[in-house]
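As structure tokens, the structure follows; a few thoughts come after it.
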Amino acid sequence: MAMTARVARTGRGTARVALAMLMAAATELGSAGSTAAQVAGAPESLGVDGTIELDLELMVDLALSSSYRVRQLNLGIDRTQLRLRSQRARLRSSVDLELSAPDYRSITENRWNANLGREELIHEDSRRLEAELAVRQPVIVFGYPTNGYLSLNNRIYRYTQVDESGDTDLRYYNRAFVSYTQPLFQPNELKNDLEEAELDLEDAELGFYEDVVEIVEDVSGDYFGLFEEAYGAVINESHVANLAVAEQAATTLAEGDPSRGIELGQIRVELANAREQLQQARSEFRLEATSLKTRLNIPESDSIALDPVIDIRPVAIDAETATTFALELTPRMRQLDINYRENELNLDQTRGRGGVQVDVRLTYGREMQDPIFAQMWGEPTNTYTIDVNGSIPIWDWGERKYRIQAAEVGLRQTDLRREEVESQIRASVQSEVRNVTEYQSRALAMEENLELARQLSAESLELYSGGGLAVVDLLQTLRREADTAENLLDAYLGWRRSITRLQEMTFYDFERGVPVLERFGIEIPGAT
Numbered sequence: 015m016a017m018t019a020r021v022a023r024t025g026r027g028t029a030r031v032a033l034a035m036l037m038a039a040a041t042e043l044g045s046a047g048s049t050a051a052q053v054a055g056a057p058e059s060l061g062v063d064g065t066i067e068l069d070l071e072l073m074v075d076l077a078l079s080s081s082y083r084v085r086q087l088n089l090g091i092d093r094t095q096l097r098l099r100s101q102r103a104r105l106r107s108s109v110d111l112e113l114s115a116p117d118y119r120s121i122t123e124n125r126w127n128a129n130l131g132r133e134e135l136i137h138e139d140s141r142r143l144e145a146e147l148a149v150r151q152p153v154i155v156f157g158y159p160t161n162g163y164l165s166l167n168n169r170i171y172r173y174t175q176v177d178e179s180g181d182t183d184l185r186y187y188n189r190a191f192v193s194y195t196q197p198l199f200q201p202n203e204l205k206n207d208l209e210e211a212e213l214d215l216e217d218a219e220l221g222f223y224e225d226v227v228e229i230v231e232d233v234s235g236d237y238f239g240l241f242e243e244a245y246g247a248v249i250n251e252s253h254v255a256n257l258a259v260a261e262q263a264a265t266t267l268a269e270g271d272p273s274r275g276i277e278l279g280q281i282r283v284e285l286a287n288a289r290e291q292l293q294q295a296r297s298e299f300r301l302e303a304t305s306l307k308t309r310l311n312i313p314e315s316d317s318i319a320l321d322p323v324i325d326i327r328p329v330a331i332d333a334e335t336a337t338t339f340a341l342e343l344t345p346r347m348r349q350l351d352i353n354y355r356e357n358e359l360n361l362d363q364t365r366g367r368g369g370v371q372v373d374v375r376l377t378y379g380r381e382m383q384d385p386i387f388a389q390m391w392g393e394p395t396n397t398y399t400i401d402v403n404g405s406i407p408i409w410d411w412g413e414r415k416y417r418i419q420a421a422e423v424g425l426r427q428t429d430l431r432r433e434e435v436e437s438q439i440r441a442s443v444q445s446e447v448r449n450v451t452e453y454q455s456r457a458l459a460m461e462e463n464l465e466l467a468r469q470l471s472a473e474s475l476e477l478y479s480g481g482g483l484a485v486v487d488l489l490q491t492l493r494r495e496a497d498t499a500e501n502l503l504d505a506y507l508g509w510r511r512s513i514t515r516l517q518e519m520t521f522y523d524f525e526r527g528v529p530v531l532e533r534f535g536i537e538i539p540g541a542t
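Heads up, the final residue of the sequence shown is numbered 542 in the numbering used here, and it's a clean run with no missing numbers.
So this is what it looks like as structure tokens:
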């Protein structure tokens, strides 16, 4: 466990880890020359000589490359992409072959005889083989699906009838024709289904970004939890070192003046307590590191080393700019827009259900029938059909009207929710910006106080060694340095966590001046 205290206004530059693919089997770490844990199978060693020098970027990289949650998100993106491809495929031509082979009938049924003015029993004995080939294409005008279909069809069948005497009548029939069907006064299902699939994919991508940024925040919380344990051990190490110097000075003073032996005892008791606290801090760090290795899929044989550097770089954040980022970069407002559009499509479907509906079908072609198959293409005749079928509701006791009104209320609810969310975002971001500013001021002040406390400790040790300071005052000064370091740690962690929360709210890294997704190189899997 490597832990060294360093406090600086301008600190080390950390290597940025680019995530070209979140679910790659292994992620190359250029700065360390190491390999990230594989998602499947036994994890490989990540560190040099079995030690991993952990920083936030590496920890985020490991979490994203081994997270089951990210894998689930990837599969969700794949599913919605395939659904969209399925809907887009509906806009292309399709070829269908319908067969009725064979269709044998030998049955007696009631049939109405108009000449006799009554029903009579008719025995049917027939054999039919039928096939129809159709090439269908949705009608698209200027890239807009019209909900109509144009098709090329060829229908052919062999029809044999047997009369009561056993004589047969054989006929071959062939018809090639063009068909056009167009629904009127109805929802455009082709367009709506395609748009819904596109909205579903966009919503899944936004959810992917949202969940990944949430994972980054969770990992940041774990990292700074481990950082707190590591820096706590550093504080105890410094306190133990100061007390060890004081013990040496007290030993020298006691040798020259036996009456001051009690001071040596006081310092040794204080030193024993400090060493116990140091051991406890190291133990807590090991426990936290062990738990972290399990979550990050790090091999048990590897050990984690963390250099807890308090690096305070003041960040100036404008509340209005942060609010703009929160409204434009984060998925929340766009998700509400998607929800509103989906409700509009639902309203369109609702209006079409139970209303006036008209279906128009036009066909034109050539047909031929003959008892000899080879003569079926000899002299065909022209044929056409015109079908207009309509449904006009007369009275439904307001069912359709109330259903439409309910869908319209859903739209107003979405509008109200959008207004509420925007208000909440503005209030939350502005409050968090104030938190960042306050914690930053506290951390900078405590940094200066710690430097002053260290100088006082060094001067007090020098005075005590010369016999010019009481042991009680010395111990109080040394404790004050440790307390100041603890206060600095609390202020620093509060500042870091506040910045992390603001990053999640805005999807923007104010320290580096880039969006969070760009910082970690996060891309949609399979996006082109």
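Think of the CB as a built atom: it goes at the ideal place given N, C-alpha and C, for glycine as much as any other residue.
*Return helix, strand or coil for MET390, following the three-state DSSP convention.*
Working through the sequence shown from its first residue, we reach residue 390 at position 376. In the structure shown, MET390 sits in coil (DSSP, three-state: anything other than H, G, I, E or B).
*By Cβ distance below 7 Å, which residues in the same chain neighbour SER471 in space, the five residues on each side in sequence not counted?*
Mapped onto the sequence shown, residue 471 falls at position 457. Excluding sequence neighbours, SER471 sits near ASN256, THR491, LEU492, GLU495.
_By DSSP's criteria, ASP384 is part of a beta bridge. Which residues make up the other side?_
One-based indexing of the sequence shown puts residue 384 at position 370. In DSSP, ASP384 forms a bridge with TYR186.
_Less than 9 Å between the C-beta atoms of GLN101 and ASP217, yes or no?_
Here residue 101 is taken as the residue at index 87 of the sequence shown, counted from 1. Here residue 217 is taken as the residue at index 203 of the sequence shown, counted from 1. Contact: no.
_Which of helix, strand or coil DSSP assigns to GLY279_ = Here residue 279 is taken as the residue at index 265 of the sequence shown, counted from 1. If DSSP states are grouped into helix, strand and coil, GLY279 belongs with the helices.
*Alpha carbon to alpha carbon, what distance is there between SER305 and ILE66?*
Position 52 of the sequence shown, counted from the first residue, corresponds to residue 66. Position 291 of the sequence shown, counted from the first residue, corresponds to residue 305. When rounded, the distance between both Cα atoms is 15 Å.
*Residue of ILE276, PRO272, VAL283 minimising C-alpha distance to ALA258*: Locating residue 258 in the sequence shown gives position 244, where the first residue counts as 1. Considering only alpha carbons, the answer is VAL283.
*Looking only at DSSP bridge pairs, what is THR122 linked to?*
Along the sequence shown, one-based indexing puts residue 122 at 108. Bridge partners of THR122: HIS137.
*Check PRO201 in the structure and name its three-state DSSP category.*
Along the sequence shown, read from residue 1 onward, the residue named residue 201 stands at position 187. It is coil, neither helix nor strand.
_Cβ neighbours of ALA303 in the same chain (closer than 6 Å, five flanking residues each side left out)_ = Here residue 303 corresponds to residue number 289 of the sequence shown, with the count starting at 1. Hits under 6 Å: ILE318.
*Report the three-state DSSP secondary structure of ASN129 (helix, strand or coil).*
Here residue 129 refers to the residue found at position 115 when the sequence shown is read from its first residue. The answer is coil: DSSP assigns ASN129 none of H, G, I, E or B.
*Does DSSP classify THR266 as helix, strand or coil?*
On the sequence shown, position 252 is the one that residue 266 refers to. Helix, per DSSP.
*asked:* Tell me the rounded alpha-carbon separation between ILE154 and ASN161.
replied: Within the sequence shown, numbered from 1, the residue matching residue 154 stands at position 140. Within the sequence shown, numbered from 1, the residue matching residue 161 stands at position 147. The alpha-carbon atoms of ILE154 and ASN161 are separated by roughly 8 Å.
*According to the Cβ coordinates, are PRO345 and GLN454 closer than 9 Å?*
The residue labelled residue 345 in the question sits at position 331 within the sequence shown. The residue labelled residue 454 in the question sits at position 440 within the sequence shown. The answer is no: Cβ separation not under 9 Å.
*Beta-carbon proximity of THR395 to GLU381, cut-off 9 Å*: Position 381 of the sequence shown holds residue 395. Position 367 of the sequence shown holds residue 381. In contact: THR395 and GLU381 (Cβ atoms closer than 9 Å).
_Nearest-angstrom Cα separation, counted from ASN287 out to ARG468_ = Numbered from its first residue, the sequence shown carries residue 468 at position 454. Numbered from its first residue, the sequence shown carries residue 287 at position 273. Approximately 20 Å between the Cα atoms of the pair.
*Tell me, which residues are paired with ALA421 by DSSP?*
In the sequence shown, residue 421 corresponds to position 407, counting from 1. For ALA421, which the question treats as bridged, DSSP gives no partner whatsoever.
*Rounded to whole angstroms, what's the CA-CA distance from ASP92 to TYR82? Just pull it up for me.*
Stepping through the sequence shown from its first residue, residue 92 is reached at position 78. Stepping through the sequence shown from its first residue, residue 82 is reached at position 68. Roughly 15 Å separates the two Cα atoms.
*Ends of the alpha helix (DSSP H) at ILE312?*
In the sequence shown, residue 312 corresponds to position 298, counting from 1. Here ILE312 belongs to no alpha helix (DSSP H), and DSSP marks it neither H nor E.
*Nearest to GLU243 by alpha carbon, out of THR195, LEU301, GLY275?*
Reading the sequence shown from its first residue, position 229 is the one you call residue 243. Answer by Cα proximity: LEU301.
*When DSSP labels each residue in this structure, what does GLN236 get in the three-state scheme?*
Taking the sequence shown and counting its residues from 1, one reaches residue 236 at position 222. In the sequence as displayed, the identity of residue 236 is Asp instead of Gln. Residue state, collapsed to three classes: helix.
_Beta-carbon proximity list for PRO159, same chain, < 8 Å, skipping 5 on both sides_ = Here residue 159 corresponds to residue number 145 of the sequence shown, with the count starting at 1. Closer than 8 Å at the Cβ level, and outside the excluded window around PRO159, lie LEU105, PRO152, VAL153, ASN202, LEU204, LYS205, LEU208.
*asked:* Can you find the residues in the same chain that come closer than 6 Å, C-beta to C-beta, to LEU267, ignoring five residues on each side of it along the sequence?
replied: Start at 1 with the first residue of the sequence shown, and residue 267 comes out as number 253. The residues are ARG274.
_Using the Cβ count rule (16 or more neighbours within 10 Å means buried), how would you classify TYR506?_
Locating residue 506 in the sequence shown gives position 492, counting from the first residue. With 16 or more Cβ atoms within 10 Å of its Cβ, TYR506 is classed as buried.
_With distance defined between alpha-carbon atoms, name the residue in LEU135, GLN86, GLU146 nearest to SER114._
By 1-based counting over the sequence shown, the position of residue 114 is 100. That would be GLU146, whose Cα lies nearest to the Cα of SER114.
*Do you know how far the Cα of GLU358 is from the Cα of VAL423?*
If you number the sequence shown from 1, residue 423 lands on position 409. If you number the sequence shown from 1, residue 358 lands on position 344. Taking the straight line from one Cα to the other gives about 11 Å.
*asked:* Quick check on ALA484: does DSSP put it in helix, strand or coil?
replied: Along the sequence shown, read from residue 1 onward, the residue named residue 484 stands at position 470. Looking at ALA484 - three-state DSSP - the assignment turns out to be coil, as it is neither helix nor strand.
*Ordered along the chain, which non-local residues of its own chain (more than five positions away) have a Cβ less than 6 Å from that of SER140?*
Working through the sequence shown from its first residue, we reach residue 140 at position 126. Excluding positions up to five away in sequence, the list reads ARG119, GLN175.
*Between the CA atoms of ALA441 and HIS253 - distance to the nearest angstrom*: Locating residue 253 in the sequence shown gives position 239, where the first residue counts as 1. Locating residue 441 in the sequence shown gives position 427, where the first residue counts as 1. The alpha-carbon atoms of HIS253 and ALA441 are separated by roughly 43 Å.
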